[in-house]
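Report on one structure; see the data block that follows.
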Amino acid sequence: MALIPRDFFARHSVQVAPELLGCVIEHQTAAGLVAVELTEVEAYAGASDPASHAYRGKTARNAVMFGPPGHAYVYFTYGMHFCVNLVCLGYGSASAVLLRAGRVIEGVELASARRTRGAAAVPFRDLARGPARLCQALDIDRSQDGTDVCVADSPLRMRWPDAGTTARSAERKVVSGPRVGVSSAAEVPWRFWWEGEPTVSVYRSATRRRPKLVTP
DNA sequence: CGAAGGATGCGCT
DNA sequence: GCGCATCCTTCGA
172 MALIPRDFFA RHSVQVAPEL LGCVIEHQTA AGLVAVELTE VEAYAGASDP ASHAYRGKTA
232 RNAVMFGPPG HAYVYFTYGM HFCVNLVCLG YGSASAVLLR AGRVIEGVEL ASARRTRGAA
292 AVPFRDLARG PARLCQALDI DRSQDGTDVC VADSPLRMRW PDAGTTARSA ERKVVSGPRV
352 GVSSAAEVPW RFWWEGEPTV SVYRSATRRR PKLVTP
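Structure representation (structure tokens):
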């Protein structure tokens, strides 16, 4: 297992994000190991980025983003979902990369069991397709907030692509586009993914809300 | 197919 | 209170 060194993350998130494609996040729990090869990520620039949680300054929730690079920032949203970021640059910059989607390469059965609700089986491509699904497949929640992913004995860690993945990466084309679900700075093309990869989430623009009140 | 709405809890104004 | 870096189900064509 070749761990990704902290220096890798100690750069601007926009530079780190596309290089994370093909890298592997793995979570060792009592139930077993699940590893996911990243296929889609989003960069957030920190205090200067209106779409970032760090835009309005440091709070108890986002404190990890203001810490050193190579740590996991996990947040809870929409009353039921978790999303995981990897802190970049560090030392107060509060920049990070959101892990949006990936392909499960180890522990498929365990990931499938975590993702399955009721009777309907989840298709393989959908196991970690979307930031909240990825967290569910890996069993990541707020107890992983602040975890150092750059040490070998961490239950949650990042490693370089496998040899087979590296070969496949060479044939992959990295493309970029607007970020998903953010209402401000939506024009910034800081979402990166592998073109034609089936595990990439479906794009949804942020302007799908606002049912607003009705007049009877 | 696509669009629409509900679920659901917490951080921030 | 409001609004979310979301997902899933249902409804209609």
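Throughout, the numbering used here is defined as the position within the first sequence, counted from one, plus 171. Even glycine gets a Cβ: it sits at the ideal position worked out from N, Cα and C.
Between the Cα of residue i and the Cα atoms of the options, which residue gives the shortest distance?
i: S355; options: S223, T210, W364 and T200; result: S223
i: Q307; options: D178, F253 and A181; result: F253
i: R304; options: V195, V320 and T287; result: T287
i: N313; options: G241, P332 and N256; result: This sequence places Arg at residue 313; Asn is not what is there. Closest by alpha carbon: N256.
i: P239; options: R177, A225 and V345; result: R177
i: P369; options: G203, F237 and R296; result: R296
i: Q199; options: I311, E366, R343 and D333; result: I311
i: W365; options: C194, A181, W331 and A216; result: C194
i: A173; options: T318, D333 and V275; result: D333
i: V187; options: G203, A216 and A202; result: A216
i: L298; options: E208, H183, S264 and M236; result: E208
i: L281; options: L204, G367 and A218; result: L204
i: H183; options: C259, R343, G367 and S325; result: C259
i: S219; options: A234, S264, V185 and V245; result: S264
i: T336; options: I276, A243 and A234; result: I276
Output the distance between the C-alpha atoms of residue i and residue j, rounded to the nearest integer angstrom.
i: V322; j: A231; result: 24 Å
i: A357; j: P221; result: 10 Å
i: F363; j: P189; result: 6 Å
i: A272; j: R300; result: 5 Å
i: G241; j: V279; result: 26 Å
i: V293; j: S283; result: 7 Å
i: V359; j: S347; result: 10 Å
i: G352; j: R375; result: 7 Å
i: F247; j: A225; result: 15 Å
i: L327; j: I196; result: 7 Å
i: T318; j: V371; result: 25 Å
i: R398; j: Y262; result: Any answer about residue 398 is impossible in this case: the structure gives the chain only from 172 up to 387.
i: F237; j: V345; result: 28 Å
i: V373; j: K229; result: 31 Å
i: P302; j: M251; result: 12 Å
i: L309; j: Q315; result: 11 Å
i: Y249; j: R343; result: 33 Å
i: S325; j: N233; result: 21 Å
i: V320; j: V245; result: 12 Å
i: A202; j: I175; result: 24 Å
i: V235; j: G367; result: 34 Å
i: R227; j: V185; result: 20 Å
Buried or exposed for residue i, going by 16 or more other Cβ atoms inside 10 Å?
i: R350; result: buried
i: A206; result: buried
i: L191; result: buried
i: K383; result: The predicted model places K383 with a pLDDT of 37, which falls under 50 and marks its position as unreliable; any figure quoted below should be read in that light. It is exposed - the Cβ of K383 has fewer than 16 other Cβ atoms within 10 Å.
i: R285; result: buried
i: R274; result: buried
i: A243; result: buried
i: F180; result: buried
Does the Cβ of residue i lie closer than 7 Å to at least one heavy atom of the ligand SAH?
i: L309; result: This structure lacks the ligand SAH; in fact it carries no ligand of any kind.
- Query: Are the segment 210-223 and the segment 266-283 touching, with three or more C-beta to C-beta distances below 8 Å?
  - Reply: yes
- Task: Quick one: which unbroken beta strand (DSSP E) runs of 3-plus residues sit fully inside the segment 245-290? Chain order, please.
- Result: 252-259 and 266-277
- Item | Every unbroken alpha helix (DSSP H) within the segment 320-367, with a cutoff of 4 residues, ordered by chain | 334-342
- May I have a chain-ordered list of the beta strand (DSSP E) segments no shorter than 3 residues that lie completely inside the segment 200-250? 203-215 and 243-248
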